[in-house]
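Participant: What follows is a structure written as structure tokens; I'll ask about it next.
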Amino acid sequence: MDFHSSSGSDYYDNILSEKNYDDWVDLAPDIARQRLIIEGTLHNPFLPEKMTTYCQDITKILNMTPVTSPICNHDPDYGWCAYMHWKESGMHIYSWDNRIPKFFSVDIYTCKEFNPRKAVKYTRDFLKNNLIKITWRE
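In my numbering, the protein residues as written are 56 to 193.
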């Protein structure tokens, strides 16, 4: 593979920024793949105890099969994050605690179809009064 560069920008950044999916080929049409990103702003940080509960609950709501318990990590420059491995793939939660308002991003990727509205509704209900605003996309 050749390395391409130009002054001021990266060759691959330019290609990827075009977001042209016309050349996309589904190399495994027999495997279901679904992704959901839920993001929001919060009054208070999304702490590891809550992340662990969220991971366990959303696993049941989406009817996924846990392979591991939730694993949490912390970086003082950002905040807490959690990961849970499912037989059907997995999910991450990322938090940014050092900004106002606090911010979180949930990334769910599965090889099994699920109802994204159930995940969004659960997230709203789970965060309750701590939630300022929520958005999501598949």
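All residues carry an ideal CB built from backbone N, CA and C; glycine is no exception.
Fair warning: this is a prediction, and the values are worked out from it, not measured in the lab.
Buried or exposed for Val122, going by 16 or more other Cβ atoms inside 10 Å?
Facilitator: Sequence index remark: in the sequence shown, residue 122 carries index 67 (1-based). Flag for Val122 reads exposed.
Participant: One question on the structure: do Ser150 and Pro84 come within less than 8 Å of each other, judged by their Cβ atoms?
Facilitator: Counted from its first residue, the sequence shown places residue 150 at position 95. Counted from its first residue, the sequence shown places residue 84 at position 29. Their beta carbons are not under 8 Å apart, which means Ser150 does not touch Pro84 by this criterion.
Participant: Assign Thr107 to one of three DSSP states: helix, strand, or coil.
Facilitator: The residue given as residue 107 occupies position 52 in the sequence shown. Reduced to three states, the DSSP call for Thr107 is helix.
Participant: Suppose the cutoff is 8 Å on Cβ atoms and the five residues either side in sequence are ignored; what does the same chain contact list for Trp141 look like?
Facilitator: As a first step, residue 141 must be located in the sequence shown, where it is residue number 86. Only Thr114, Met119, Thr120, Pro121, Val122, Thr165 meet the Cβ criterion.
Participant: Quick one: residues in its chain with C-beta nearer than 6 Å to the C-beta of Cys110, no 5 flanking neighbours on either side, listed in chain order?
Facilitator: Mapped onto the sequence shown, residue 110 falls at position 55. So the list reads Pro125, Ala137, Met139, once near-sequence residues are dropped.
Participant: Taking 7 Å as the cut-off, is the C-beta of Thr123 nearer than that to any heavy atom in the ligand NAD?
Facilitator: In the structure on display, the ligand NAD does not appear, and there are no ligands present to speak of.
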